[in-house]
Every structure is written in structure tokens, then in C-alpha cells.
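What follows is one structure encoded as C-alpha cells, with my remarks underneath.
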Amino acid sequence: MNKFFGHLKTVICHRRLVRKLCFKCGLVWQGLTHDLSKFSPVEFWRGVKHFQGNRSPQVKERELFGYSSAWLHHKGRNKHHYEYWTDFADGKKVYVEMPAKYFAEMVCDRIAAGKIYKKKAYTDASPLAYLENQTDVSAMNEKTAENLRYFLTLLKDKGEKVMFKELKQFVKDNK
10 MNKFFGHLKT VICHRRLVRK LCFKCGLVWQ GLTHDLSKFS PVEFWRGVKH
60 FQGNRSPQVK ERELFGYSSA WLHHKGRNKH HYEYWTDFAD GKKVYVEMPA
110 KYFAEMVCDR IAAGKIYKKK AYTDASPLAY LENQTDVSAM NEKTAENLRY
160 FLTLLKDKGE KVMFKELKQF VKDNK
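Counting from 10, one number per residue, gives the positions in the sequence shown under our numbering.
This is how it looks when you write it as C-alpha cells:
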């Protein structure tokens with residue numbers, strides 16, 4: 010029962026924080042609807058089963074089975090994940106540049122996940138460190154990766170206020 014409430018609390022806190030950050034970018038609808046698929050049975054119950062509190066349950070599921078069925082479900086329904094924007098043409102992977110509003114939601118999601126899982130150890134440098142050490146940018150559109158590195162570096166160097174002001178303008182300029 011502790012895993013159930015622990016996972017539920019984590020999802021609710023994460024969604025609340027992403028909502029707050031999305032609102033800073035003017036993304037009201039995305040803030041309200043962010044990660045609703047986490048309440049679907051395939052994502053929620055696997056999240057409960059593999060809950061640890063300090064990292065995504067999907068990581069544990071991957072360690073046990075070599076893949077995460079919860080992640081496969083999640084990334085296919087949530088446009089704020091760069092993996093959603095992978096296609097195939099003539100037998101080759103094509104990495105599509107993310108539209109600005111989903112890109113900005115991805116930035117908010119990464120910041121919120123860092124704050125939720127790292128707790129007091131989180132700093133404005135944490136999302137950039139995660140990108141550099143734990144994200145396969147070769148599986149991301151080059152422009153998307155370049156933009157992500159730019160905004161996370163801005164967060165690290167100038168802080169949230171400056172980064173969100175510029176991110177909001179980025180969304181506005183790229184509608």
C-alpha cells in the first residue's frame with residue numbers, strides 16, 4: 010500500500026509542478042493535461058509495482074525486463090517527449106523537430122522531474138547534467154537537441170526567471 014500512495018503522490022506532485030512551469034510559458038492547456046496517461050492502467054499499476062521514490066519506476070522495469078511497457082505506452086501518447094517525434098522512412102529513423110509548444114513542455118517536464126526525484130539535491134544545473142549524462146541526443150532531432158542544450162544552459166547560468174522569460178518568447182515566436 011505504501012508503494013501505491015508513494016507513486017500516486019509522486020505523479021500528482023510532478024503534474025502540479027509541470028502545470029506551474031507550463032503556465033510560466035503561457036501553456037495553460039498543456040499544463041492542465043500534462044501526463045494524464047500516467048493514470049491509465051498500464052502506466053499507473055506498473056508505476057506502483059516498480060515505485061522506488063528516487064527515480065522513475067520505468068527505470069526499474071527496464072532493469073528487470075529489458076524494456077518498459079509503461080514507457081512504450083507513455084511516449085506514444087505524450088508529444089512532450091522527443092521520442093514521440095521519431096518516424097521511419099525508407100527503413101531509416103527520422104528525427105522530427107519538436108513544435109515549440111511541446112518542446113517547452115519537455116523543458117518544464119525535465120525541470121519538474123529533477124526537482125521531484127533529486128529533492129534538496131536539485132540545482133538549476135541538474136537538468137543540463139541529466140541531458141549530458143543520461144540522454145541519447147543522437148536519437149533526437151539536431152535542432153531540438155541544440156535548443157534543449159541552449160535553454161538548459163541558460164537555466165544553469167542565469168536561473169529560472171531568465172530562462173522561462175526566453176522560453177515563453179520562443180513559444181510565441183514559433184507558433
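Even for Gly, the Cβ is constructed at its ideal location relative to N, Cα and C.
Cα-Cα separation between residue i and residue j, rounded to whole angstroms
i, j, result
"residue 69", "residue 77", "8 Å"
"residue 149", "residue 104", "6 Å"
"residue 92", "residue 11", "31 Å"
"residue 100", "residue 94", "16 Å"
"residue 146", "residue 159", "13 Å"
"residue 30", "residue 96", "29 Å"
"residue 132", "residue 169", "11 Å"
"residue 42", "residue 36", "10 Å"
"residue 98", "residue 85", "18 Å"
For residue j and residue i, believed in contact at Cβ under 8 Å, the rounded distance
i, j, result
"residue 22", "residue 125", "6 Å"
"residue 135", "residue 87", "Not really, about 21 Å apart at Cβ, beyond 8 Å."
"residue 54", "residue 67", "Going by Cβ atoms, the distance from residue 54 to residue 67 rounds to 13 Å, so no, they are not a contact pair."
"residue 180", "residue 109", "5 Å"
"residue 44", "residue 64", "That belief does not hold up - the Cβ atoms of residue 44 and residue 64 are roughly 16 Å apart, past 8 Å."
Cβ-Cβ distance between residue i and residue j below 7 Å
i, j, result
"residue 52", "residue 90", "no"
"residue 34", "residue 165", "no"
"residue 106", "residue 153", "yes"
"residue 140", "residue 162", "no"
"residue 123", "residue 60", "no"
"residue 20", "residue 117", "no"
"residue 39", "residue 114", "yes"
The alpha helix (DSSP H) enclosing residue i, as first and last residue numbers
i, result
"residue 110", "109–127"
"residue 34", "Here residue 34 belongs to no alpha helix (DSSP H), and DSSP marks it neither H nor E."
"residue 55", "50–58"
"residue 81", "78–84"
"residue 67", "66–74"
N-terminal and C-terminal residue of the beta strand (DSSP E) that residue i is part of
i, result
"residue 103", "101–104"
"residue 98", "95–98"
Residue i Cβ short of 6 Å to the ligand MN heavy atom set
i, result
"residue 40", "Absent from the structure shown: the ligand MN. Ligands present: none."
Entirely enclosed beta strand (DSSP E) segments - the stretch 118–182, minimum 3 residues: none
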